[in-house]
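Asker: Numbering (the UniProt record's numbering) for the sequence shown: 1 to 41. Have a look at the structure that comes next, please.
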Amino acid sequence: KLNGGRHVIGILRGFDPFMNMVIDETVEECKDGSKNNIGMV
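Encoded structure:
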């Protein structure tokens with residue numbers, strides 16, 4: 001779960017002490033049930 005109530009699923013590739021994350025093959029799950037492929041975040 002990210003800020004703004006956004007939910008994403010993907011492969012965690014790395015993070016730092018400030019909790020900045022790199023997520024690969026990311027898919028955002030919208031509130032209406034649809035899914036959006038985002039890629040690397």
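Each residue gets a CB set at the ideal place from its N, CA and C atoms; glycine is no exception.
Terminal residues of the continuous beta strand (DSSP E) containing residue 27?
Answerer: Stepping through the sequence shown from its first residue, residue 27 is reached at position 27. Segment 21-29, the beta strand (DSSP E) holding residue 27.
Asker: Would you report the Cα separation of residue 26 and residue 17, rounded to the nearest angstrom?
Answerer: Looking up residue 26 in the sequence shown gives position 26. Looking up residue 17 in the sequence shown gives position 17. Distance between the alpha carbons of residue 26 and residue 17 is about 21 angstroms.
Asker: Would you call the CB atoms of residue 5 and residue 41 closer than 9 angstroms?
Answerer: In the sequence shown, residue 5 corresponds to position 5, counting from 1. In the sequence shown, residue 41 corresponds to position 41, counting from 1. No, the pair does not count as a contact, with Cβ atoms beyond the cut-off.
Asker: Look up residue 10 in the DSSP assignment and say whether it is helix, strand or coil.
Answerer: Here residue 10 is taken as the residue at index 10 of the sequence shown, counted from 1. Three-state DSSP puts residue 10 in a strand.
Asker: Using a Cβ-Cβ cutoff of less than 6 angstroms, which residues in the same chain neighbour residue 35 once the five nearest sequence positions on both sides are dropped?
Answerer: Along the sequence shown, one-based indexing puts residue 35 at 35. Hits under 6 angstroms: 27, 29.
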